[in-house]
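Numbering (the numbering used here), first residue to last: 7 to 289. For each residue, glycine too, the CB sits at the ideal point set by N, CA and C. No experiment lies behind these values; they were computed from the predicted model shown.
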């Protein structure tokens with residue numbers, strides 16, 4: 007409040023819930039009946055209207071919303087609403103994302119990064135079980151994933167590979183099954199000269215899809231991986247140690263095993279020859 011972070015003990019359960027629900031619905035009045043329904047999850051106390059009004063009074067007092075400052079939390083149409091002057095980070099995030107969708111390529115990446123800067127942790131972490139909070143989190147995760155995935159692709163196109171890594175990483179952390187974001191991440195590492203990291207990223211994608219969906223990566227992901235293999239070694243990188251080489255051999259074997267109709271040799275020494283023939287056939 008006014009640049010001061012309120013400690014949790016100053017904003018106990020019900021008051022905090024009211025503020026959170028109004029923030030999620032910032033700009034839209036929430037009726038007292040709807041607010042009570044969300045707070046008590048259908049198990050309403052007998053005199054819930056009076057109880058709710060008393061909680062709002064306590065909330066205003068804790069936030070120092072007296073006199074002219076009462077406009078920050080207004081009573082409106084039989085309910086409550088945060089005032090126009092109240093800044094809500096989710097609203098700011100949405101506004102930046104909307105602006106990024108219509109901006110030029112470079113501005114789009116910049117605006118998406120500004121939106122990402124607002125994300126400092128899980129949304130509504132103090133409400134892990136409330137249904138209204140879970141729905142709000144699901145909507146936000148969808149928006150975050152879509153915004154970061156799209157911006158990561160634009161960042162790669164602009165050769166802003168570090169920005170692409172940050173955006174794509176945020177997307178796959180929000181939604182580990184967003185394969186397009188994984189592809190942007192593989193491509194960003196590869197084009198930045200981090201071929202080994204690109205291959206390890208593909209392995210994380212392959213493992214995630216196998217564990218969560220029991221499916222291999224898509225054909226476009228496999229084609230990208232083959233392009234990484236075809237490209238040669240990392241620029242300006244020291245020779246890999248035996249552990250690194252063993253990891254790369256394992257990744258190569260796993261990638262070859264996903265190619266329909268291909269017989270993968272049992273000996274590691276023959277893997278590179280098989281991969282070379284496959285790559286030549288795709289060249």
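Inter-residue Cα distance where the pair is residue i and residue j
i	j	result
residue 121	residue 204	26 Å
residue 174	residue 208	13 Å
residue 244	residue 229	Confidence is the limiting factor: at residue 244 the pLDDT is only 48, short of 50, which leaves the residue's position unreliable and the question unanswerable from this model.
residue 255	residue 223	18 Å
residue 257	residue 116	34 Å
residue 29	residue 77	15 Å
residue 114	residue 171	16 Å
residue 95	residue 220	37 Å
residue 242	residue 27	Confidence at residue 242 is low in this model, with a pLDDT of 47, below 50, so the placement of that residue should be treated as unreliable; the coordinate-derived value is given next. Roughly 52 Å separates the two Cα atoms.
residue 126	residue 71	26 Å
residue 50	residue 36	17 Å
residue 38	residue 57	11 Å
residue 261	residue 88	53 Å
residue 195	residue 165	11 Å
residue 178	residue 269	32 Å
residue 169	residue 97	23 Å
residue 11	residue 22	13 Å
residue 191	residue 263	22 Å
residue 135	residue 199	44 Å
residue 210	residue 107	29 Å
residue 63	residue 144	31 Å
residue 176	residue 110	22 Å
residue 91	residue 84	21 Å
residue 139	residue 128	11 Å
When the options are compared against residue i, the one with the closest alpha-carbon
i	options	result
residue 32	146, 93 and 154	93
residue 236	49, 29, 282 and 18	282
residue 267	274, 280 and 273	280
residue 112	159, 72, 148 and 87	159
residue 61	49, 86, 77 and 48	86
residue 272	284, 55, 259 and 169	259
residue 59	270, 48, 72 and 41	41
residue 46	36, 20 and 56	20
residue 206	219, 164, 252 and 218	252
residue 13	191, 132, 34 and 90	132
residue 231	199, 269, 189 and 169	189
residue 34	262, 227, 164 and 80	80
residue 226	97, 265, 195 and 218	265
residue 142	44, 274 and 277	44
residue 137	277, 234, 48 and 11	48
residue 233	210, 277, 275 and 284	284
Residue i - DSSP class collapsed to helix/strand/coil
i	result
residue 63	helix
residue 262	helix
residue 87	strand
residue 36	strand
residue 57	helix
residue 232	helix
residue 79	strand
residue 11	coil
residue 95	helix
residue 227	helix
residue 47	coil
residue 2	No answer is possible for residue 2: it lies beyond the span of the chain, which begins at 7 and ends at 289.
residue 273	coil
residue 202	helix
residue 125	coil
residue 366	Outside the shown range of the chain (7 to 289) lies residue 366, about which nothing can therefore be said.
residue 113	helix
residue 19	helix
residue 106	helix
residue 1	The shown model of the chain, from 7 to 289, leaves out residue 1, and the question about it has no answer.
residue 159	helix
residue 268	coil
residue 175	helix
Presumed contact (8 Å Cβ cut-off) between residue i and residue j, rounded CB distance
i	j	result
residue 65	residue 24	6 Å
residue 186	residue 157	About 12 Å; that fails the 8 Å criterion.
residue 146	residue 124	Not quite, the Cβ-Cβ distance comes to about 11 Å (not below 8 Å), so this is no contact.
residue 193	residue 162	5 Å
residue 68	residue 17	6 Å
residue 197	residue 167	6 Å
TODO: Indicate whether the contact test is met: 3 or more Cβ pairs, each with one atom in the region 149-160 and one in the region 100-112, closer than 8 Å.
DONE: yes
Task: Meets three-Cβ-pair contact criterion under 8 Å: the region 176-185 and the region 212-219 - done: yes
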